[in-house]
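Input: a single structure, listed below in structure tokens.
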Amino acid sequence: MIREVTGIETIRMLYLQLLYRCNFACLHCFHGERLQHADAFTVGEAAGLLTLMRDEYGTEAVTLLGGEPFVYRELPEVVRYAKEELGLRVEICTNGYPRSKASVRPTTPSAGPADSPAPSTPCARPATSGSLPVRR
Ligand code: SF4
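If you're matching positions, the sequence shown starts at 1235 in the working numbering and goes up one per residue.
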């Protein structure tokens, strides 16, 4: 479908927004009321999309986004599938604020950690991090 509409043959890097939910509710967040929405993808849907993109468009890497990806309960399974089953490089775009010590590293014993947990923007801009205005 992408190929037919745009003529694009290869998409090396995919940004996959797993969910809208977040452990923050920053006033500047462009998601606005969507922060309250349900998850955007089930694990099966995410796995299916990643498989399709690798097989059809040669995708080599995925950046997992939110919301906050670390509040996505099945994040370790998505990371494991992307790395072990598909051989993708995985980056996680996070605000860097752990929900709990248990959620700091999205690992499975076999898959290991993501290749790169990256601070997300605008969530972690130096000008705002540490003093984020938050809706509650
Ligand atoms: S941390 Fe990021 S995703 Fe979460 S509410 Fe703030 S700006 Fe939005």
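Every residue gets a Cβ at the ideal spot worked out from N, C-alpha and C, and that includes glycine.
Under a 10 Å Cβ-count criterion, Glu1238 is classified as exposed, with fewer than 16 other Cβ atoms of the shown protein chains found around its own Cβ. As for any beta strand (DSSP E) of minimum length 3 sitting wholly inside the region 1248 to 1304, the runs are 1295 to 1299, ordered along the chain. Phe1258 has its CB nearer than 7 Å to a heavy atom of the ligand SF4. Within the same chain, no Cβ atom closer than 7 Å to the Cβ of Glu1319 is found once the five residues on either side in sequence are excluded. Glu1302 and Tyr1315 have their C-alpha atoms some 19 Å from each other.
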